[in-house]
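Participant:
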Amino acid sequence: MYRLSAGRDGRPRVDWKVTYRNSGIVKPSQVDAGSGTTPTILLGGRVAITDNADPMNVVVYRTAKHLRRGQRRVVCEVPSSPAARAPPRTRSSAPAAR
Numbered sequence: 001m002y003r004l005s006a007g008r009d010g011r012p013r014v015d016w017k018v019t020y021r022n023s024g025i026v027k028p029s030q031v032d033a034g035s036g037t038t039p040t041i042l043l044g045g046r047v048a049i050t051d052n053a054d055p056m057n058v059v060v061y062r063t064a065k066h067l068r069r070g071q072r073r074v075v076c077e078v079p080s081s082p083a084a085r086a087p088p089r090t091r092s093s094a095p096a097a098r
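What follows is the structure in structure tokens.
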């Protein structure tokens with residue numbers, strides 16, 4: 001993910017960039033194994049993507065050119081589907097039979 005701005009000469013300049021996880025697999029209709037979605041611009045100086053990891057996550061970033069002390073670029077990262085949020089069931093976590 002990149003934030004770009006125009007330099008004094010009008011050429012694009014990279015203000016910041018971050019890497020995010022992805023599966024490395026090019027899925028149908030994708031050109032490469034980039035993010036899972038087009039970035040979504042949010043209110044409050046934030047942008048969100050799905051990271052195309054396996055399982056996929058929604059990741060929200062701060063878009064400010066410079067962060068305040070103590071701030072991090074990533075605001076939050078959560079699984080994109082309820083199934084990805086649930087811990088895997090094992091015999092020890094399954095309900096006991098009656």
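28 is the number that full-length UniProt numbering gives to position 28 of the sequence shown; each next residue is one higher, with no gaps. We put the CB at the ideal spot given by N, CA and C, even for glycine.
Can you tell me whether I49 is buried or exposed, with buried defined as 16 or more other CB within 10 angstroms of its CB?
Facilitator: buried
Participant: What ranges does the beta strand (DSSP E) occupy inside the region 17-45, keeping only unbroken runs of at least 3 residues that lie completely in it?
Facilitator: 40-42
Participant: Taking S80 as part of the beta strand (DSSP E), name the residues at either end of that continuous run.
Facilitator: Looking at the DSSP string, S80 is not in any beta strand (DSSP E), and its letter there is neither H nor E.
Participant: Output needed for R98: all residues of its chain with C-beta closer than 6 Å, excluding positions within five of it in sequence on either side, in chain order.
Facilitator: Since pLDDT at R98 reaches only 45, below the 50 mark, its modelled position is unreliable, and no value is offered.
Participant: The beta strand (DSSP E) spanning A64 covers which residue range?
Facilitator: Unbroken run through A64: none, as it is neither H nor E.
Participant: DSSP state of A53, grouped into three classes?
Facilitator: Residue state, collapsed to three classes: coil.
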